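Read the structure below first, then the notes.
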């Protein structure tokens, strides 16, 4: 759970770091100015959408730092980023993946002589259906 008072302090640190007013910060991440004002006053709690917009627009903001104060701000990029062994060296290198065999269709299970069909329903792509009931 996000502590609202601590979150407000971290938001104020962001505003000071980037030298932005509350309205300029709200405009930069694409939220209404009143939403940010309500957050800063403690009236509202931050939504997930609000947090994700901050992270998307300001990559220096660490998700864990903005949520609960753990981590660093600004985020320090690590030189030891793990790159998967299958990562292409450029965007145009095609990675060959093994083709999975198509599974065989399930065998037809015949009805027993004692099984009786109660009804048959046919569904059409336009959302309608027809129901056939044995009389």
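Numbering (our numbering), first residue to last: 12 to 146.
Every residue gets a Cβ at the ideal spot worked out from N, C-alpha and C, and that includes glycine.
A quick note: this is a predicted structure, and the numbers were derived from the prediction, not measured.
Exposure label - residue i; buried when at least 16 CB within 10 Å
| i | result |
| --- | --- |
| residue 133 | exposed |
| residue 142 | exposed |
| residue 61 | buried |
| residue 37 | buried |
| residue 47 | buried |
| residue 50 | buried |
| residue 146 | exposed |
| residue 20 | exposed |
| residue 94 | A caution first: residue 94 carries a pLDDT of 48, below 50, which makes its placement in the model unreliable, though a value can still be read off. Counting Cβ neighbours within 10 Å, residue 94 comes out exposed, since fewer than 16 surround it. |
Candidates the options, of which the one nearest residue i by Cα
| i | options | result |
| --- | --- | --- |
| residue 66 | 84, 144, 136 and 130 | 84 |
| residue 58 | 140, 130, 32 and 14 | 14 |
| residue 63 | 131, 140, 129 and 41 | 41 |
Practice prompt. Evaluate contact between the stretch 63-81 and the stretch 20-35, counting only Cβ atoms and requiring at least three cross-stretch pairs below 8 Å.
Written response: Yes, they touch.
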